[in-house]
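Here our numbering is used: position 306 in the sequence shown is 314, and no number is missing along the way.
To start, the structure under review is shown below, and the notes come after it.
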Amino acid sequence: MPMHAVELLGQRNGAGLVFNNNLKNAHASTRQKEEEEGGGNPYHHLEKSAVLQEARSFNETPINPRRCGHILTKVLYLINQGEQLGSMEATEAFFAMTKLFQSKDATLRRLVYLGIKEMSTIAQDVIIVTSSLMKDMTGKEDQFRGPAIRALCSITDHTMLQSIERYMKQAIVDKVHAVSSAALVSSLHLSNASKGSQEVVKRWVNEAQEAVSSDNLLVQYHALGLLYHIRKHDKLAVNKLVMKFSKHSLKSPYAYCLLIRIASKLLDEEEAGTNSPLFDFIENCLRNKNEIVIYEAAHAIVNLRHTSAKELTPAVSVLQLFCSSPKPTLRFAAVRTLNKVAMKHPAAVTACNLDLESLITDTNRSIATLAITTLLKTGSESSVDRLMKQISSFMSEISDEFKIVVVQAIQSLCMKFPRKHNVMMNFLSSILRDEGGFEYKKAIVDSIITIIEENAEAKEAGLAHLCEFIEDCEHTVLATRILHLLGSEGPRTPTPSKYIRFIYNRVILENPAVRAAAVTALAKFGAHCDELLPSCSVLLERCLLDSDDEVRDRATFYVSVLKQKQKSLNLAYILNGLQVSVVGLERALHHYTLEPSDHAFDMKSVPLATQPLVDQKAGREARDMNVSKPAEKVAQSRQDVFAEQLHAVPEFANLGNLFKSSSLPVELTESETEYVVQCVKHTFANYVVFQFDCTNTLNDQVLENVTVYMDPPDGFEVLKYIPCPSLPYNKAGTTYTLVHLPEDPTQVSGSFSCTLKFLVKDCDPNTGEPDEDGYDDEYVLEDVDLTVADHVQRVMKPNFGASWEDVGPENELEDTYALSRMKSVEEAVKTIMTAMGLQPCERSDKVPEGKNSHTLFLAGIFRGGHDVLVRSKLAMTDDGINMQLTCRSTDPHVAEIFATAFDD
């Protein structure tokens, strides 16, 4: 061979060797990377069909235990991962698996028991293995007996339970603890399966009581659990159970914990308070030798519904000791529970502040996070700056989940100490620029928005921080929500022009959804601020050629409205917007298209969107997200459901559109009486429908032709009664009463006396079959009051001042009242809102702490579509509250109704 050929071959061999080495290294690094990422699962790429094919190996002889165990493990893995096995597939695999009973291998046999449990609900004819399982259950191999009991009980129903009852009783008191525990737990599962099984298991109570005295900790715990489950529907028996075992010292700490939970549940149900022997038992458990029992007792005490801060003291003292425990689990449990206590009783946790401060530097960052959030809830105003510095030092070391907890705690602290909003707002702004997921960023934005809405002094600083955030915000939902907030709050700041740049940048740089939200925000600045109208109009005109339809349509609409330079148009179409029910609008438009008319579609025919009485966080989010959520099916509101139900009643078909349904039903009877009746009021333009939901609690009677007769006040007229044909035991039925409203438009309130009348037929309590004959009877109910609030729908006016000017003083009425029964401005505000049923605007329902005077702004729509606005000026005096009430409306009668609402 020529010399150069040998050299070339050597080079090739060397290159091949290098390639092979590199390939091996690549495989090794890939395998190492998979292990680091948790991708080293040997069952990760299993296919159902291949595994079921392998399962046929169970029929081979002789049985290979190791191979069959590996295949059976694959089958169980697929089932536990949610893989759906067909009935035929599962049955075939199940019957093949039963051949493995021939093997004596302990590991394989226990896998078979587990397989029977998992396939018992999928495969057919699983009952065929009953005899094999009973043989193992009563056999001499103790390690098979417990799993065999569990498998047997998973395939046994109440019809077969009596055949194994004797064996189960023996197993419950078996000397082998694993067998006894398996029997007890299986008995518990059986009693949950069906009522028939529950009746059989109840007969095993003597054996369960014997098992409670076992020396084994788990057997004692499981036996007590079964005893409680058997007796849980008998409150007296449960009381006796707790009192009996609270006096006999249990050995199992788990049984003690269960007993504590049962006792605390009884205390809450009976509302017995701290004078009960049950509470004494829980408190005595604070001195138990076992830490689990001590913690469970402390946890139970702090979670009782009716405990004062003083009664929490012994539990808090124990948790304080746990804070200095060398065990991280105890420290975590203690600080987590103290964190929960601090939400309701911060003063009770103040004594633990020194211990909590020492946990801020804990190596476990979860403990440190909970410690700092607890301190935020219990700390004083002077400690805010120091706490903020301590939080900053470890925020980068904890997960987003705990960061959200910290953010929410800071928000609560800002509500508590509003003068410190600058420090906390700056901190929230700094972490908003850090790395983090959507939920974390959303929590920060939510907190800043809440602080802005609750504290007027924080508005400008908060808006400035949010403007900086949207410059680099990668979440469309958050960007659109902030733009919506800027459009609502920005125009009413002292210098609104400074926000225009941030908003217009979004029009240039962002995706269509954000651009659309920015266009709406710009329009609100132009509609509210006359000096900014020319600039905003120019910017909006630049959006007329946008590539997205939604952005172009919005820009075209807003430019057209703004060019009119009419405040009423700006108010109706830009600042306030539509306030109708989306479902109701869809239904009204559909009805309009089905029946062509020469008249234009009337928006007043559309039901209004229901507003919450208090502007809670969830409600704010729902409104703020209206510019960012994709089109989706809108859920029906409670009023939409009522509208459909009433429309289905032929007698109500011509009443017109439902204007309002009362938010809460009125109880007309006590809950313990033989007949339970609730009333819901439905208001139409000229009518009121009273809906009475009735329940018959007597099992030996059936009521027929059930009607609520009403005696109306002067001016009101009962037009129609629609009875409930039949009212069997414990099944709700509905009867209606139709009332015509008075001709006098100012007469809107009155009290109706009510009587329930019906035909009684006695019946067999077991079958429910009524007798042929019956007798008439009646039952007097509580009166039903129709109030001013029943005739008005709450609507939100984001800009109350502009709406006030738009309605004008034409129908303005003013009066002064002395609210002598009111002890505070806050109480007066709540009373006025409840009596009038109007929506508070511009957060005027929030009374600043310590203020003796306040102005409340209320808005709504009176039936018939008449706007009503109320301005209530309140002042605290030595004799109570003085109120100057000013009402404006588009209808003079409506203004009179609200101006005289407090005359009585």
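Here a beta-carbon is modelled for each residue, glycine too, at the ideal position from N, C-alpha and C.
- Taken atom to atom, the span from the alpha-carbon of Val569 to that of Ser761 is near 52 Å.
- In the structure shown, the three-state DSSP call for Glu822 is strand.
- With a 10 Å radius around the Cβ and a threshold of 16 neighbouring Cβ atoms, Phe446 comes out exposed.
- When C-beta atoms of the region 472-480 are compared with those of the region 436-443, three or more pairs fall below 8 Å, so the two segments count as touching.
- Under the criterion of beta carbons closer than 8 Å, Val833 and Met891 do not qualify as touching, at roughly 10 Å.
- Per DSSP, the continuous beta strand (DSSP E) segment holding Pro733 begins and ends at Cys732 to Leu735.
- Under DSSP, Thr885 takes part in a beta bridge, and its partners are Gly888.
- Between Ser828 and Asp887, the CB-CB gap stays under 7 Å.
- DSSP links Lys728 through a beta bridge to Leu746.
- In the structure shown, Val184 adopts coil according to DSSP, grouped into three states.
- For Val685, the enclosing beta strand (DSSP E) begins and ends at Tyr683 to Thr691.
- The way I'd put it, the region 101-118 does touch the region 54-73; three or more beta-carbon pairs between them come closer than 8 Å.
- In terms of Cα proximity to Asn430, the closest of Gly444, Ser679, Asp393 and Val414 is Asp393.
- Taking Leu548 as the centre and dropping the five residues before and after it, the same chain places the C-beta of Val527, Leu530, Ala531, Gly534, Ala563, Tyr566, Val567 and Leu570 closer than 8 Å to its C-beta, in chain order.
- Rounded to whole angstroms, the separation of the alpha carbons of Gly816 and Asp557 is 37 Å.
- No Cβ-Cβ contact shorter than 7 Å links Thr754 with Ile516.
- With a threshold of 16 other beta carbon atoms within 10 Å, Val649 falls short and is exposed.
- Residue nearest to Asp370 within the set Ser671, Leu764, Val343 and Ser188 is Val343 (criterion: CA-CA distance).
- Here Glu304 is buried. Its C-beta has 16 or more other C-beta atoms within 10 Å.
- With respect to Thr386, Ala350 sits close: the two C-beta atoms are nearer than 7 Å.
- The alpha carbon of Ala231 has as its nearest neighbour, out of His599, Val326 and Ala216, the alpha carbon of Ala216.
- In this model, Glu780 and Gly90 are separated by some 55 Å (Cα to Cα).
- Under the DSSP assignment, Gln89 falls outside any alpha helix (DSSP H); it carries neither an H nor an E label.
- Taking the C-beta atoms as reference points, Asp798 is found nearer than 7 Å to Thr691.
- Taking C-beta atoms as the reference points, Leu286 and Leu274 count as a pair closer than 7 Å.
- Here DSSP, grouped into helix, strand and coil, assigns Gly873 to coil.
- Under DSSP, no beta-bridge partner is assigned to Ser199.
- Under the three-state reduction of DSSP, Asn707 is assigned to coil, being neither helix nor strand.
- In the three-state DSSP reduction, Thr99 falls in the helix class (H, G or I).
- Between the region 118-132 and the region 152-162, the count of C-beta pairs closer than 8 Å reaches three or more; the two stretches touch.
- Across the set Glu218, Gly723 and Thr282, the C-alpha of Glu218 shows the shortest separation from the C-alpha of Ala179.
- In the three-state reduction of the DSSP assignment, Asp798 falls in the helix class.
- A straight line joining the alpha-carbon of Tyr600 with that of Val657 spans about 21 Å.
- Looking from the CA of Leu116, the closest CA among Lys348, Gln92, Ala104 and Gly77 belongs to Gly77.
- Within the same chain, Cβ atoms closer than 7 Å to the Cβ of Pro504 are found at Gly498, Phe533, Cys537 and Leu540, the five residues on either side in sequence being excluded.
- Between Ile457 and Ala466, the beta carbon gap of about 11 Å keeps them out of contact (Cβ cut-off 8 Å).
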